[in-house]
Amino acid sequence: MKLRENKKSLIADINLSPILDLSLMLVIFLAVTTEFISGGEIKVQVPKGGAAVESTAGIVKVVMDKWGKIYFKGKVYTDPVKLASVLPKDKKIFIKADKDTPYRYVFTLLDVLRKSGIKKVALVGQRVE
């Protein structure tokens, strides 16, 4: 006696569309994430001149664009006083200002850093040999 006469065949195909959709979403997520991580460096053209630096250990780099905006650790500062409050007092501060930055912006930043107790400040330039 047969209870089941017609057996259904098993589906042996694997549906790849959900896997491909997930893979595509992961690639897009990684591309966007790495853009934010590696995009922290602001491109500025520094003036030529200056001596070589012995070591880069223990220094803090601050970047200033030609409009006077200050970039430090991925954040934008327009007020040098706020920047001075987050900078470490015991490390060397290197200011990498664009060559087209007005002198008053750089001077104001230097003045605020000196008044806040930061004594080790230097300007970064493009090395000429």
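When we follow our numbering, the leftmost residue of the sequence shown carries the number 1, and every step to the right adds one. Positions of the beta carbon are idealized from the N, C-alpha and C atoms, including for glycine.
Item checked: Chain-order list of residues whose beta-carbon lies under 6 Å from that of Lys120 (same chain, five-residue window excluded) -> Translated into positions along the sequence shown, residue 120 becomes position 120. The answer, listed in chain order, is Lys92.
Checklist line | N- and C-terminal bounds of the beta strand (DSSP E) containing Ala97 | finding: Looking up residue 97 in the sequence shown gives position 97. Where Ala97 is concerned, the enclosing beta strand (DSSP E) stretches over Lys92 to Ala97.
Note to self: Suppose you measure from the CA of Ile59 to the CA of Thr33; what does that come to, to the nearest Å?
What the structure shows: Reading the sequence shown from its first residue, position 59 is the one you call residue 59. Reading the sequence shown from its first residue, position 33 is the one you call residue 33. In a straight line, the C-alpha of Ile59 is about 27 Å away from that of Thr33.
Notebook entry, point to check: Are there 16 or more other CB atoms within 10 angstroms of the CB of Val27, so buried, or fewer, so exposed?
Noted result: Taking the sequence shown and counting its residues from 1, one reaches residue 27 at position 27. Classification for Val27: exposed.
Next item on the list: Put Ile14 into one of helix, strand or coil per three-state DSSP.
Entry: Within the sequence shown, numbered from 1, the residue matching residue 14 stands at position 14. Ile14: coil per DSSP, three-state reduction.
Note to self: Tell me the DSSP secondary structure of Val106 in three-state form.
What the structure shows: Stepping through the sequence shown from its first residue, residue 106 is reached at position 106. Residue state, collapsed to three classes: helix.
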